[in-house]
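Trainee: Following this message is one structure expressed as structure tokens.
Residue numbers (this note's numbering): 532 to 669.
Encoded structure:
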């Protein structure tokens with residue numbers, strides 16, 4: 532069954548991400564099964580590019596790294612300040628040499644895939660797709 536695109540209410544998501552959270556520990560327990568590597572694609576520049584997104588459990592919650600190809604060059608970035616405004620929804624700040632912004636994704640119920648969007652800081656109106664599927668044997 533295909534995922535529905537993330538339709539975040541940006542004010543709510545950012546409020547949950549950067550402000551106090553009213554989400555219970557039980558609602559966030561799903562995040563312990565997220566850490567892993569996910570192969571997928573993201574829209575960069577004018578086209579989709581292959582990439583890998585890796586989530587890890589840190590002392591303050593989930594963090595991550597990502598890599599994608601930009602022509603002959605591999606771009607690496609990091610994900611931090613991750614929040615969980617709803618079950619199976621993860622919102623993180625991305626940072627790489629091109630800048631920073633927000634990544635908002637929704638995981639499937641079995642946490643094997645995610646689909647979402649990224650946007651640059653200060654421009655939530657222009658969103659680009661980002662998706663991944665858990666690596667097999669990764």
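A virtual CB, placed ideally from N, CA and C, is assigned to each residue, including glycine.
Going by C-alpha to C-alpha distance, which of 609, 564, 585 sits closest to residue 625?
Mentor: It is 609 whose Cα lies nearest to the Cα of residue 625.
Trainee: What distance in whole Å lies between the Cβ atoms of residue 565 and residue 599, which are believed to be in contact at a cut-off of 8 angstroms?
Mentor: Not a contact, Cβ separation roughly 20 angstroms.
Trainee: Using DSSP with H/G/I as helix, E/B as strand and the rest coil, what is residue 560?
Mentor: It is helical.
Trainee: Is residue 626 near the ligand SAH - that is, is its Cβ less than 7 angstroms away from at least one heavy atom of it?
Mentor: Among the components of this structure there are no ligands whatsoever, and the ligand SAH is therefore not found.
Trainee: What's the gap between the Cα of residue 666 and the Cα of residue 614?
Mentor: Going from the Cα of residue 666 to the Cα of residue 614 covers about 23 angstroms.
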